Every structure is written in structure tokens, then in C-alpha cells.
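> Residue 101 in our numbering sits at position 81 of the sequence shown, with consecutive numbering throughout.
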Amino acid sequence: IVMEAVKQDGLTLQYVSDRLKDDDDTLVMEAVKQSGRALEYASDGLKDDHDIAMEAVKNNGFALQYASGRLKDDHGIVMVAV
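So, in C-alpha cells, the structure goes:
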């Protein structure tokens with residue numbers, strides 16, 4: 021049910037339990053594919069996941085603001101965001 025919800029509206033990730041946001045990278049990936057801004061609600065560990073952050077900025081360049089500091093310095097991610 022949770023997966024279907026984030027596929028419909030990625031921003032519903034904000035209502036998902038912390039456990040799922042921490043452990044379920046597939047769930048977070050689906051959320052950012054639907055709405056890059058969903059990266060805001062991902063765990064810090066998943067905000068530092070290159071693939072998830074890249075997908076988020078592909079969807080919405082403004083999602084870069086929610087990526088980890090390390091990934092904000094990643095040339096590839098920044099170039100996709102702008």
C-alpha cells in the first residue's frame with residue numbers, strides 16, 4: 021500500500037514511518053521518481069545515496085537542496101540539477 025501511495029504522489033513519503041524511510045531505498049527511489057522534492061523526507065543516509073539523489077534532481081533540479089553535502093559537491097549531480 022505504501023509503495024502504491026508514493027508512486028501516485030512522491031510527497032506522501034513525508035507520512036511514511038522513519039523505519040521505512042531509513043531502510044527501504046526502493047521505496048524512496050519510487051518517491052523521488054514521482055517527485056524529486058520527496059528527497060526532503062528521505063533519511064540522511066539515503067540523501068547521501070548517489071543514485072537516489074541523481075533521480076531526484078533529474079525529476080526536479082531544486083531537489084539538490086535536499087541532497088547530502090557530499091552530493092551537492094558532485095559535479096554530475098549538479099550538472100543534471102541545473
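All C-beta atoms in this analysis are idealised placements derived from N, C-alpha and C, irrespective of residue type, glycine included. Quantities reported herein were computed from a predicted structural model and do not represent experimental measurements.
Can you have a look at R57 and say buried or exposed, based on whether 16 or more other CB atoms are within 10 angstroms of its CB?
Within the sequence shown, residue 57 is the residue found at index 37, counting from 1. It is buried - the Cβ of R57 has at least 16 other Cβ atoms within 10 Å.
> Sort G65, R90, E50 by Cα distance to A76 and report the nearest one.
Looking up residue 76 in the sequence shown gives position 56. Per the Cα distances, E50.
> Which word fits M74, buried or exposed, when buried means at least 16 other C-beta atoms lie within 10 angstroms of its C-beta?
Position 54 of the sequence shown, counted from the first residue, corresponds to residue 74. By the neighbour-count rule (16 or more Cβ atoms within 10 Å), M74 is buried.
> Within the same chain, show all residues whose beta-carbon is closer than 6 Å to that of T32, passing over the 5 residues directly before and after it, in chain order.
Position 12 of the sequence shown, counted from the first residue, corresponds to residue 32. Closer than 6 Å at Cβ, skipping near neighbours: A25, V26.
> Going by the CB atoms, is the gap between M23 and L59 shorter than 8 Å?
The sequence position of residue 59 within the sequence shown is 39, counting from 1. The sequence position of residue 23 within the sequence shown is 3, counting from 1. Cβ atoms of L59 and M23: not closer than 8 Å.
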